[in-house]
Amino acid sequence: MEKQHKNTVKSLIAKNGYWTGFLVANKVNPVHVKGCWHLGFRVTVSSIEELDKAINRFAYYNCNRELGNRVSFYKK
(Lines of atoms letter the chains of each structure in order from A and count residues from 1; the text may use other names and numbers.)
(Lines give C-alpha, C1' and ligand atoms only; values in the text may rest on other atoms or scores of the structure.)
Protein backbone atom coordinates (compact mmCIF):
# COMPACT_ATOMS: atom_id res chain seq x y z
CA MET A 1 0.00 0.00 0.00
CA GLU A 2 1.36 3.38 -1.01
CA LYS A 3 0.05 6.59 0.54
CA GLN A 4 -0.80 9.35 -1.94
CA HIS A 5 -1.60 13.03 -1.62
CA LYS A 6 -4.95 14.43 -2.72
CA ASN A 7 -3.27 16.46 -5.49
CA THR A 8 -1.63 13.29 -6.83
CA VAL A 9 -5.00 11.54 -6.88
CA LYS A 10 -6.57 14.48 -8.72
CA SER A 11 -3.79 14.53 -11.32
CA LEU A 12 -4.16 10.77 -11.88
CA ILE A 13 -7.90 11.23 -12.43
CA ALA A 14 -7.18 13.97 -14.97
CA LYS A 15 -4.51 11.88 -16.70
CA ASN A 16 -6.09 8.39 -16.68
CA GLY A 17 -9.77 9.26 -16.37
CA TYR A 18 -10.16 7.32 -13.10
CA TRP A 19 -8.47 6.39 -9.82
CA THR A 20 -8.86 3.21 -7.80
CA GLY A 21 -7.68 3.09 -4.22
CA PHE A 22 -8.67 3.28 -0.58
CA LEU A 23 -10.01 6.14 1.52
CA VAL A 24 -8.81 5.85 5.12
CA ALA A 25 -8.95 8.00 8.25
CA ASN A 26 -5.52 9.56 8.79
CA LYS A 27 -4.63 7.83 12.10
CA VAL A 28 -5.24 4.30 10.81
CA ASN A 29 -2.16 2.12 10.45
CA PRO A 30 -1.67 1.14 6.77
CA VAL A 31 -1.55 -2.54 7.76
CA HIS A 32 -5.24 -2.33 8.72
CA VAL A 33 -6.41 -0.73 5.47
CA LYS A 34 -6.78 -4.01 3.63
CA GLY A 35 -5.75 -6.35 6.44
CA CYS A 36 -7.80 -8.08 9.08
CA TRP A 37 -9.73 -4.96 10.19
CA HIS A 38 -10.59 -3.67 6.68
CA LEU A 39 -10.66 -0.03 7.78
CA GLY A 40 -10.16 1.28 4.25
CA PHE A 41 -13.03 2.08 1.89
CA ARG A 42 -12.22 0.95 -1.67
CA VAL A 43 -13.36 3.39 -4.35
CA THR A 44 -13.06 3.89 -8.08
CA VAL A 45 -13.74 7.48 -9.07
CA SER A 46 -13.84 8.90 -12.56
CA SER A 47 -14.06 12.64 -11.87
CA ILE A 48 -12.84 15.14 -9.31
CA GLU A 49 -16.42 15.96 -8.32
CA GLU A 50 -17.08 12.28 -7.67
CA LEU A 51 -13.89 12.14 -5.57
CA ASP A 52 -15.05 15.10 -3.47
CA LYS A 53 -18.43 13.45 -2.88
CA ALA A 54 -16.76 10.17 -1.85
CA ILE A 55 -14.44 12.02 0.54
CA ASN A 56 -17.33 13.91 2.15
CA ARG A 57 -19.42 10.75 2.57
CA PHE A 58 -16.48 8.80 4.00
CA ALA A 59 -15.46 11.59 6.40
CA TYR A 60 -19.01 12.07 7.70
CA TYR A 61 -19.51 8.43 8.65
CA ASN A 62 -15.97 7.21 9.43
CA CYS A 63 -13.75 10.02 10.71
CA ASN A 64 -13.59 10.67 14.45
CA ARG A 65 -11.07 11.52 17.17
CA GLU A 66 -9.92 7.92 17.54
CA LEU A 67 -9.37 7.05 13.85
CA GLY A 68 -8.53 10.56 12.64
CA ASN A 69 -10.45 13.59 11.39
CA ARG A 70 -8.92 13.77 7.92
CA VAL A 71 -9.01 11.43 4.94
CA SER A 72 -5.87 9.75 3.58
CA PHE A 73 -5.49 8.05 0.21
CA TYR A 74 -3.80 4.73 -0.47
CA LYS A 75 -3.05 3.25 -3.86
CA LYS A 76 -4.07 -0.37 -4.33
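Residue numbers (the working numbering): 338 to 413.
Backbone N, C-alpha and C fix where the C-beta goes; we use that ideal spot for every residue, glycine too.
Applying the criterion that 16 or more other CB atoms from any shown protein chain within 10 Å of the CB defines a buried residue, is residue i buried or exposed?
i	result
S409	buried
G358	buried
G377	buried
C400	buried
Within the same chain, show all residues whose beta-carbon is closer than 6 Å to that of residue i, passing over the 5 residues directly before and after it, in chain order.
i	result
R407	N363
M338	P367, V370 and Y411
K343	none
Per the DSSP calculation, residue i is bridged to which residue(s)?
i	result
Y398	In DSSP, Y398 forms no bridge with anything.
T418	A query on residue 418 cannot be resolved here, the shown segment of the chain reaching from 338 to 413 and no further.
E339	K412
Pull up the CB-CB distance for residue i and residue j, whole angstroms please, since I reckon it's below 8 Å.
i	j	result
Y355	V382	7 Å
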